[in-house]
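S.K.: In our numbering, the protein residues as written are 1 to 165. Just so you know, even glycine gets a beta-carbon here, dropped at the ideal spot from N, CA and C.
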């Protein structure tokens with residue numbers, strides 16, 4: 001816990017691969033503080049155009065389908081609703097491509113898990129196509145404190161070690 005407080009925490013998976021926990025310095029500020037309009041324009045005029053121009057693209061096809069099928073959400077723009085639908089749709093499995101891009105070998109495990117209480121996270125479960133999963137988007141700038149560590153010896157744990165944040 002002392003190392004966690006100092007920001008020097010890393011987790012090791014079953015295979016021994018180490019994943020350092022940090023403040024994700026290379027992540028995008030999803031609030032685009034100070035440049036919201038500029039970033040929205042860049043995404044719309046460059047990146048989306050580039051992705052949508054390739055008719056062979058899984059992403060372009062998934063986006064077009066989502067525009068027809070997704071339900072508008074409370075406090076979400078149409079674009080946000082479509083993006084969540086695209087990410088969670090099992091038809092095109094965009095989430096696999098995204099997860100692999102974020103982490104080379106993305107998988108769900110049962111060795112090190114987190115139970116996180118968030119103030120800034122957004123519950124997006126009702127916007128997901130997959131009804132059996134609960135999802136929360138946590139912004140990369142939110143910080144947490146370790147409050148407890150539970151191990152498999154305790155009843156009803158779903159992982160070898162559960163870190164409460």
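Could you please give me the residues that DSSP links to residue 164 through a beta bridge?
M.R.: 115 and 148
S.K.: Using only CA atoms, which one of 162, 90 and 61 lies nearest to residue 111?
M.R.: 162
S.K.: Quick check: what's the CA-CA separation for residue 143 versus residue 56?
M.R.: 40 Å
S.K.: Do you know how far the Cα of residue 153 is from the Cα of residue 59?
M.R.: Those two C-alpha atoms are separated by around 44 Å.
S.K.: Can you list, in chain order, the residues of its chain whose CB lies under 6 Å from that of residue 134, leaving out five sequence neighbours each side?
M.R.: 125
S.K.: My parser needs the alpha helix (DSSP H) runs of 4 or more residues fully inside the stretch 60-103; what are they?
M.R.: 78-88 and 94-102
S.K.: Check whether the stretch 86-99 and the stretch 64-78 are in contact - that is, three or more C-beta pairs closer than 8 Å.
M.R.: yes
S.K.: Where does residue 157 sit, in a helix, a strand or coil, going by DSSP?
M.R.: coil
S.K.: Opposite residue 136 in the DSSP bridges: which residues?
M.R.: 123
S.K.: By how many angstroms is the C-alpha of residue 44 removed from the C-alpha of residue 138?
M.R.: Rounded to the nearest angstrom, the two C-alpha atoms are 23 Å apart.
S.K.: With a threshold of 9 Å between beta carbons, is residue 44 in contact with chain D?
M.R.: Looking for chain D here will not work: only one protein chain is present.
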